[in-house]
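Asks: In our numbering, the protein residues as written are -13 to 226.
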Amino acid sequence: MTSRYTTRFAVSDADVKSAQALRFKAFRGGEGLDVDAFDPACKHILVTESATGHLVCTFRLLPLANGAQIGQSYSAQFYDLTSLHTIKGMIVEVGRFCIDPAYSDPDILRIAWSAMTGFVDDNDVELLFGCTSFSGTDSDEYTDAFALLKDRHLAPKRWLPKIKAPEVFRFASKLKLFKPNLKAAQKHMPPLLRSYLLMGGWVSDHAVVDTELNTLHVFTGMKIDDIPANRKRLLRAMAG
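(1) Measuring CA to CA, which of P214, T118, K143, A37 is closest to F13?
(2) Give the straight-line distance between the Cα atoms of V154 and K148, rounded to the nearest whole angstrom.
(3) Can you give me the C-alpha to C-alpha distance between M142 and T72, rounded to a whole angstrom?
(4) Closer than 6 angstroms by C-beta to L179: which residues in its own chain qualify, once you throw out the five before and the five after it? Chain order, please.
(5) Of the choices A62, G57, D66, G81, whose alpha-carbon is the least far from that of G43?
(6) Please report the straight-line C-alpha distance between D1 and T103, rounded to a whole angstrom.
(7) Can C28 and R9 be called in contact, C-beta distance under 8 angstroms?
(8) Mapping DSSP to helix, strand and coil, what is R(-6)?
(9) Going by DSSP, what residue range makes up the beta strand (DSSP E) through R14?
(10) Quick one, are the C-beta atoms of E32 and A7 less than 8 angstroms apart?
(11) Counting along the chain, where does the alpha helix (DSSP H) carrying K169 start and finish?
(12) Given this structure, state the Cα-to-Cα distance separating L146 from L199, to the nearest angstrom.
(13) Measure the Cβ-Cβ separation of D110 and G75 and say whether it is below 8 angstroms.
(14) Among A215, K209, F64, F(-5), which residue has its Cα nearest to the Cα of A101?
(15) At the level of alpha carbons, what is the spacing between R156 and Y182?
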């Protein structure tokens, strides 16, 4: 918690519905509820404005006992994740992350990460993972960003997800000879994905085209042991 924002788990149906309403607003626009079959199994985190109680950010966590259970995740619908079955410790899927479009305060993302850090520490999590989205389905808009992912941030071969979705953009092969403009790449990199990468995260070698939510998304993984020590200290300080 900070003086401006508070984080907590959803504890009621009303809490979950408020998260689903923000998700609908952020992902689809307008009013409604973004609901799927994974919600009941997840822990939903809410970031609210302390002064008003207004919900500014939400995401959900799906804890799984080990890598052998990764097939139960949302991400497994889109990626062949058998390469991750050997992970022995707890894994947690981070999903449906969104911030109220009316808010642009970078502290919101930092506070959200601090809440994740608290959960990771409390549960001795080995791997965080999920689908990280680019807005829209036009890959040409993100050429430099995808080329940077290809050059610097692909998953280790032993964990690299295989293709499962019917429509994908194979950026690692299509952009094999393309050298990214770093400024353009950072400009078009989603803030959540940028945070993962700064902490040692890695991605699939292809993006899934999700026409339902009008996004391109990459599988993103992050081994907790690989997070730089200074970033761990900052996040733990924020988590209190």
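Every residue, glycine too, gets a C-beta built ideally from N, C-alpha and C. This structure is a prediction, so every number in the text was calculated from the model and none was measured.
Replies: Result, derived from the coordinates:
(1) T118
(2) 11 angstroms
(3) Per the sequence shown, the amino acid found at residue 142 is Pro instead of Met. Distance between the alpha carbons of P142 and T72 is about 14 angstroms.
(4) T118
(5) A small correction: the amino acid at residue 43 is Cys; Gly does not occupy that position in the sequence shown. Considering only alpha carbons, the answer is G81.
(6) 21 angstroms
(7) no
(8) strand
(9) That residue, R14, is in no beta strand (DSSP E); it is neither H nor E in DSSP.
(10) The question names Glu, but residue 32 is Leu in the sequence shown. In this structure, A7 does not lie closer than 8 angstroms to L32 by Cβ.
(11) 168 to 173
(12) 24 angstroms
(13) yes
(14) The option with the nearest alpha carbon to A101 is F(-5).
(15) 21 angstroms
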